[in-house]
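Undergrad:
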Amino acid sequence: MKVKQISVFLENKHGRLAAVTKLLANHQINIRALSIADTSDFGILRLIVNQPEDAYRILKDNAFTVSMTDVIGVEMPDHPGGLAAVLEVLEGAAVNIEYLYAFIGKGLTGALVIFRVEQIDESIKVLQEHGVNVLTGEKLYTL
């Protein structure tokens, strides 16, 4: 149920984001979701891609500072309160959420959110126990 996320450290310089996306495109790696957190000097590009191990290797081989992290992909109802209900489950289990980001996936009935949490295995278990649809990496990589 864990999803592999690629994180790339990028200097805030003209063309750095374009270089990452072009490199991945040249290797037929499809970006499924992304998020950027930045400061004035650098940013962290977080990616869900269809081939995470290949993306990691290609970026590393091309001198990017890159890491791979386990995250959770959750499908939830796409209506007011859908996210609140999932967050309530995690709050009840005392799970600390480091960050999250959302995206739309084809072929799904709800909204999708990627969560980075401290206690990933416990979080997956408690979400499933409460009927939350935790998606596999293989499912997310093909959306």
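In my numbering, the protein residues as written are 36 to 178.
Glycine residues also receive a C-beta, built at the ideal position from the N, C-alpha and C atoms.
Only a predicted model underlies this, so the values are computations on that prediction, with no experimental measurement involved.
Cα-Cα, which of Phe150, Arg67, Ala54 is closest to leucine 178?
TA: Here the closest residue by C-alpha is Arg67.
Undergrad: Output yes or no for whether 8 Å exceeds the beta carbon distance between glutamine 40 and valine 106.
TA: Cβ distance < 8 Å, so glutamine 40 and valine 106 count as in contact.
Undergrad: Around the Cβ of phenylalanine 150, are there at least 16 other Cβ atoms within 10 angstroms (buried) or fewer (exposed)?
TA: Result: buried.
Undergrad: What separation, rounded to the nearest whole angstrom, lies between the Cα atoms of aspartate 113 and threonine 144?
TA: C-alpha separation (whole angstroms): 8 Å.
Undergrad: With distances taken Cα to Cα, identify the nearest neighbour of glutamate 164 among Gly172, Gly127, Leu118.
TA: Per the Cα distances, Gly127.
Undergrad: Are the stretch 119 to 126 and the stretch 71 to 80 touching by the rule of at least three beta carbon pairs closer than 8 Å?
TA: Flag = no, the stretch 119 to 126 and the stretch 71 to 80 do not touch.
Undergrad: Candidates Asn85, Tyr134, Asn168, Lys160: which alpha carbon is nearest asparagine 65's?
TA: Considering only alpha carbons, the answer is Asn85.
Undergrad: Quick one: give me the first and last residue of the beta strand (DSSP E) that valine 106 is part of.
TA: Element bounds for valine 106: 100 to 111.
Undergrad: Quick check on this structure: which residue in Tyr136, Ala120, Ala129, Thr74 has the alpha carbon closest to the alpha carbon of leucine 82?
TA: Of the candidates Tyr136, Ala120, Ala129, Thr74, the one whose C-alpha sits nearest the C-alpha of leucine 82 is Tyr136.
Undergrad: For isoleucine 93, tell me which candidate among Leu175, Asn168, Ser42 has the shortest Cα-Cα distance.
TA: Per the Cα distances, Ser42.
Undergrad: Is it true that the CB of methionine 103 sits closer than 8 Å to the CB of valine 148?
TA: The answer is no: Cβ separation not under 8 Å.
Undergrad: Taking just the CA atoms, how far does glutamate 153 sit from valine 167?
TA: Whole-angstrom Cα-Cα distance: 18 Å.
Undergrad: Check whether the Cβ atoms of histidine 62 and aspartate 89 sit closer than 8 Å, and answer yes or no.
TA: Going by C-beta atoms, histidine 62 is nearer than 8 Å to aspartate 89.
Undergrad: Would you report the Cα separation of threonine 56 and leucine 69, rounded to the nearest angstrom?
TA: Looking at the two C-alpha atoms, the distance is approximately 11 Å.
Undergrad: On the DSSP bridge list, what partners appear for glycine 166?
TA: According to DSSP, glycine 166 bridges with nothing at all.
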